[in-house]
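Okay, structure first, notes after.
2 protein chains.
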Amino acid sequence: METKDAVIALSALAQASRLAVFRTLVQAGPAGLPAGKVSELTGIPPSSLSFHLKELSHAGLAAARQDGRFVIYTAQFEAMNDLVVYLTENCCGGNPCTPVCSPVCSTEKEPS
Amino acid sequence: METKDAVIALSALAQASRLAVFRTLVQAGPAGLPAGKVSELTGIPPSSLSFHLKELSHAGLAAARQDGRFVIYTAQFEAMNDLVVYLTENCCGGNPCTPVCSPVCSTEKEPS
DNA sequence: TCCATGTTTCAATGATAGTCGAAACATGGA
DNA sequence: TCCATGTTTCGACTATCATTGAAACATGGA
Numbered sequence: 628m629e630t631k632d633a634v635i636a637l638s639a640l641a642q643a644s645r646l647a648v649f650r651t652l653v654q655a656g657p658a659g660l661p662a663g664k665v666s667e668l669t670g671i672p673p674s675s676l677s678f679h680l681k682e683l684s685h686a687g688l689a690a691a692r693q694d695g696r697f698v699i700y701t702a703q704f705e706a707m708n709d710l711v712v713y714l715t716e717n718c719c720g721g722n723p724c725t726p727v728c729s730p731v732c733s734t735e736k737e738p739s
Numbered sequence: 628m629e630t631k632d633a634v635i636a637l638s639a640l641a642q643a644s645r646l647a648v649f650r651t652l653v654q655a656g657p658a659g660l661p662a663g664k665v666s667e668l669t670g671i672p673p674s675s676l677s678f679h680l681k682e683l684s685h686a687g688l689a690a691a692r693q694d695g696r697f698v699i700y701t702a703q704f705e706a707m708n709d710l711v712v713y714l715t716e717n718c719c720g721g722n723p724c725t726p727v728c729s730p731v732c733s734t735e736k737e738p739s
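Chain order of the listed sequences is A and B. Under the working numbering, the first residue of the first sequence is numbered 628, with each subsequent residue one higher. Under the working numbering, the first residue of the second sequence is numbered 628, with each subsequent residue one higher.
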């Protein structure tokens, strides 16, 4: 991941409405949610929500797929994980420190 | 961590100059760096840098301590970790998924 | 006390982003 | 084909942020 991509991803999350949307999608898991449901859950009007979902998609943090009249959005866990790795890259100059496990999910539907 | 705090932290990182500063501090480890050294390493002019360091400090992602005429800045690894946890909270609705270890350091100087 | 060095504040400027109603668009079913 | 439903685009407004030189401030040493 490059700086530019990280800034785009972080900018996408650095906004109350979008952060709420992203977390809602994270909680929904790989199955995702239709845009209307996200609007309902977050209280964000459809037009605003569409703007924000576009931003999250552009940042690679969400993905859309068509399902009949619905557009299902899903969180992209790998992008999230890449971002975290980037932020802590070469931590402490490569010297040993104390890594911690963070619950960053994979995109797989079932645990392996 | 609350939404407001997360947005503040993410906003702090969602900016090319500040992201570079934060990563520089992360790489410096708990020992930190004086402001002037950060300016030198990142190429950001002192006045701009001061503005950004203030933002990072306000967000809890960096901390300042006085050392003679120098002000030493350090990355706050715990805040970083809290942020990651917040982003993935209640991931997949609590259903089992595949957690991944991310190298988020603690603030300790030596590994335990 | 006076100076050199390191850091922060100030002020002005230009640019970017969030919001949401109304209207347009897309899809599937009757 | 026509309609109902779900989603996106458009447009206009307001607000907030990044940048940087110059000046002010703080600290330690002579």
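The beta carbon of each residue, even a glycine, is placed where N, CA and C say it ideally should be.
Segment contact: the region 655-666 of chain B against the region 716-723 of chain A, three or more CB-CB distances shorter than 8 Å; contact assigned. The shortest CA-to-CA distance from Arg650 (chain B) to any of B:Thr669, B:His685, B:Phe697, B:Val711 is the one to B:Thr669.
Non-local beta-carbon contacts of Ser675 (chain B) in its own chain, meaning distances under 8 Å to residues more than five positions away in sequence, involve Ser644 in chain order. Secondary structure note for Thr669 (chain B): its alpha helix (DSSP H) is the uninterrupted segment 662-669. Contacts with chain A at 7 Å (Cβ-Cβ) include Val711 (chain B). According to DSSP, Phe697 (chain A) shares a beta bridge with A:Asp694. With a threshold of 16 other beta carbon atoms within 10 Å, Phe704 (chain A) meets it and is buried. Apart from the 5 residues on each side of it in sequence, Ile635 (chain A) sits with its Cβ closer than 6 Å to the Cβ of Ala686 in its chain, given in chain order. Rounded to the nearest whole angstrom, the CA to CA distance from Leu680 (chain A) to Gln693 (chain A) is 14 Å. Ala689 (chain B) carries a strand assignment under DSSP once its states are collapsed to helix, strand and coil. Of the candidates A:Thr701, A:Leu646, A:Glu682, A:Leu688, the residue whose Cα lies closest to the Cα of Pro661 (chain A) is A:Thr701. Inclusion of Ala639 (chain B) and Glu682 (chain B) in the CB contact set at 7 Å is warranted, their separation being smaller than that value.
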